[in-house]
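To start, the structure itself, in structure tokens.
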Amino acid sequence: MQELVLIQPGRTLEGESAREAERSKSRREFEARLEECGPLAYRVAQGVLRNRADAEDVAQEALLRAYRKFDRLREPTRFRGWLVRIAFRLALDRLRSRSRREIRETSWAGPESRPSPPTAEDLAASTEFRARLERAMDQLPEKLRLVLLLSAMQGYTLEEVSSMLGIPMGTVKSRLFFARKQLAEKLR
Amino acid sequence: MNCRQYQERMLDALAAGTAVFPDVVVEHKRNCVSCEAYYESQAGLFRGLEEGIKAIANEEVPRSLVPGVRARLNDGLPLRSSWMSAWGMAAAAAAILVLGFSLLVDRPPYQGVPRENERVPSQPVENSSPVVQPTKEIPSADHRGRRMGRRTPAAAAKVPEAVPEVIVLPEERAAFARFVADGQEQGVVLAVTRVAPSNQDVPLQIAVLEIHELEVQSLDPSWE
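Structure (structure tokens):
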């Protein structure tokens, strides 16, 4: 019996199999990168959102978007930088929509009570300090916040942050300087 | 420099992460109790800051993150971006609308279902004598069935839209013949008809007729 093979116009079986092989290779490379970059995306998102479920969701979304553009972003530094920016941007969007929802839900609540400022050492030892630090970080400009987060992550030097974000080393340092200074002013 | 200016220099050094001061600042700090206390408090604050930021930036990554991404990849990730899929949906919806509209425009006008009393056309004629006009080709039921689909211009020209089409079942035809025969015997009915052709499926066209008086009776004699 003669075998009937349907081939779409303009395509060949060789071309299809080559494309399939390319897709498989791309998928393997991406999965190898996933182990390294997944935590990076999560931590960036968590640094903005400070909610584990939201951060995981945003990180997954960022990684899936990265996969779509993986063919164009195989160079590791470019890939990491792109992933960091997209995770940061998605996290900010999520934070804004969450903030709007919380404002709607707590519109009947009274003004927030502010405790008297304790000493720096007391603050550092308390969870209240953590909460105040998070609020202060939320008020930082986005550029400063991202550099602050990345430079505080284990395993990333300032040089790597610089190449990841595509900005000069001096800019990384100056952003870090202003970020720390503004945070200290807000927490003082 | 006054104490405030010295304190500014200390803050800058702490924010830069160096904590290495110029000699003049070190000298002043050693001799000024308030500046020394200020430095200690600010150094503690910056230490707390560093620790807090590191804690925030190095949260434990959930184990489900990477498997979750793999699962979503295996589920079949849409490789087009969301705006592309949105445009695709819009294009599909537009195509469906255009197709539906073209079918609606191409469809022949609805003439309604022939009612029971329309089976025999009843129109006035000048001459009440029986007239049977030559048979014309009237579209059969098969033709009408095809007209429901896409209609070609040639087919449309063949179908006379104004002529009502009547399908007479064989039993109705026989009953009608009996009715006419009975009526003629009683002298109350004048019917216009002609002998049925041998080919039962050939459509007939009957000339218009005028009925001055009509008595409705059942075609089935056993009904009474």
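As you go down the protein sequences, you meet chains A and B in turn. Everything in the first sequence is counted per the numbering used here, starting at 177 for the first residue and increasing by one. Everything in the second sequence is counted per the numbering used here, starting at 12 for the first residue and increasing by one. Beta carbons are placed, not taken as given, at the ideal position from N, Cα and C, and that holds for glycine.
Using 8 Å as the threshold, is the stretch 21-34 of chain B in touch with the stretch 260-280 of chain A, meaning 3 or more CB pairs across them? The stretch 21-34 of chain B vs the stretch 260-280 of chain A: no contact.
Just to confirm before moving on: does the CB-CB distance between Arg-306/A and Gly-63/B stay below 9 Å? Yes. Within cutoff.
Would you kindly check if the distance between the Cβ of Gly-223/A and the Cβ of Ala-68/B is under 9 Å? yes
Can you tell me whether DSSP reads Tyr-218/A as helix, strand or coil? helix
I want to know whether the stretch 48-61 of chain B touches the stretch 191-202 of chain A - three or more CB-CB distances under 8 Å. Segment contact: the stretch 48-61 of chain B against the stretch 191-202 of chain A, fewer than three CB-CB distances shorter than 8 Å; contact not assigned.
Nearest CA to the CA of Arg-219/A: which residue from Glu-205/A, Val-323/A, Val-348/A? Val-323/A
Going by beta carbon distance, what residues of the same chain come within less than 7 Å of Phe-354/A, once the five residues before and after it are set aside? Leu-320
With a cut-off of 8 Å on the beta carbons, I'd call Leu-395/A and Ala-217/A a contact; round off their distance for me. Any question about residue 395/A goes unanswered here, given that chain A covers just 177 to 364.
May I have the straight-line CA-CA distance separating Pro-181/B from Phe-190/B, to the nearest angstrom? The alpha-carbon atoms of Pro-181/B and Phe-190/B are separated by roughly 14 Å.
What residues from chain B crowd round Leu-316/A, counting only those whose CB sits closer than 8 Å? Within 8 Å Cβ-Cβ: nothing; Leu-316/A doesn't reach chain B, min ~11 Å.
Along chain A, in chain order, which residues have C-beta atoms closer than 7 Å to that of Ala-68/B? Arg-219, Gly-223, Leu-325, Ala-328, Met-329
Mark Lys-65/B as exposed unless 16 or more other C-beta atoms lie within 10 angstroms of its C-beta, in which case mark it buried. exposed
Straight-line CA distance for Met-340/A to Thr-347/A? 13 Å
Under 7 Å Cβ to Cβ from Thr-163/B, same chain only, skipping five residues before and after it: list those, please. Caution applies to Thr-163/B, whose pLDDT of 46 falls short of 50 and renders its modelled position unreliable; the model cannot decide the point.
Is the shortest distance between the beta-carbon of Ala-231/A and the beta-carbons of chain B less than 9 Å? yes
State yes or no: is the beta carbon of Leu-359/A nearer than 9 Å to at least one beta carbon in chain B? It does: the Cβ of Leu-359/A has a partner Cβ on chain B nearer than 9 Å.
Does DSSP put His-255/B in a helix, a strand or coil? Outside the modelled stretch of chain B, which goes from 12 to 235, sits residue 255/B, for which no answer is possible.
Just confirm the distance between the C-beta atoms of Ser-327/A and Val-337/A, as a whole number of angstroms; I'd bet it's less than 8 Å. 5 Å
Just the C-alpha distance for Ala-231/A and Leu-225/A, rounded to the nearest angstrom, thanks. 6 Å
Consider the Cβ of Ala-57/B: report whether some Cβ of chain A lies at a distance smaller than 9 Å. Per the sequence shown, the amino acid found at residue 57/B is Phe instead of Ala. Yes, its Cβ sits closer than 9 Å to a Cβ of chain A.
When DSSP labels each residue in this structure, what does Leu-180/B get in the three-state scheme? In the structure shown, Leu-180/B sits in coil (DSSP, three-state: anything other than H, G, I, E or B).
Hey, how far is the Cα of Arg-83/B from the Cα of Gly-111/B? 37 Å
Count the other CB atoms within 10 Å of the CB of Val-136/B; is the residue buried (16 or more) or exposed (fewer)? For Val-136/B, the predicted structure reports a pLDDT of 44, less than 50, and the residue's modelled location is therefore unreliable. A value from the coordinates is still provided. Burial call: exposed.
Please identify the residue among Arg-248/A, Asp-314/A, Thr-333/A, Ala-263/A whose C-alpha is closest to the C-alpha of Phe-206/A. It is Arg-248/A.
Helix, strand or coil: which one does DSSP assign to Val-348/A? helix
9 Å is my cut-off, CB to CB: does Arg-81/B come that close to chain A? Taking 9 Å as the threshold, the shortest C-beta distance from Arg-81/B to chain A falls below it.
Since Pro-78/B and Arg-228/A are thought to touch, with beta carbons under 8 Å apart, how far apart are those beta carbons, to the nearest angstrom? That belief does not hold up - the Cβ atoms of Pro-78/B and Arg-228/A are roughly 16 Å apart, past 8 Å.
C-alpha distance - Gln-18/B paired with Thr-303/A, whole-angstrom precision: 28 Å
Starting from Val-77/B, find everything on chain A with Cβ-Cβ shorter than 7 Å and list it in chain order. Residues of chain A whose Cβ lies closer than 7 Å to the Cβ of Val-77/B are, in chain order, Leu-210, Glu-211, Gly-214.
Taking 9 Å as the CB-CB limit, is Lys-40/B close to chain A? no
In angstroms with no decimal places, state the Cα-to-Cα distance between Glu-198/A and Glu-318/A. 37 Å
Please find out if some non-hydrogen atom of the ligand FMN comes closer than 8 Å to the beta-carbon of Ile-262/A. The ligand FMN is not among the ligands present in this structure, which contains no ligands whatsoever.
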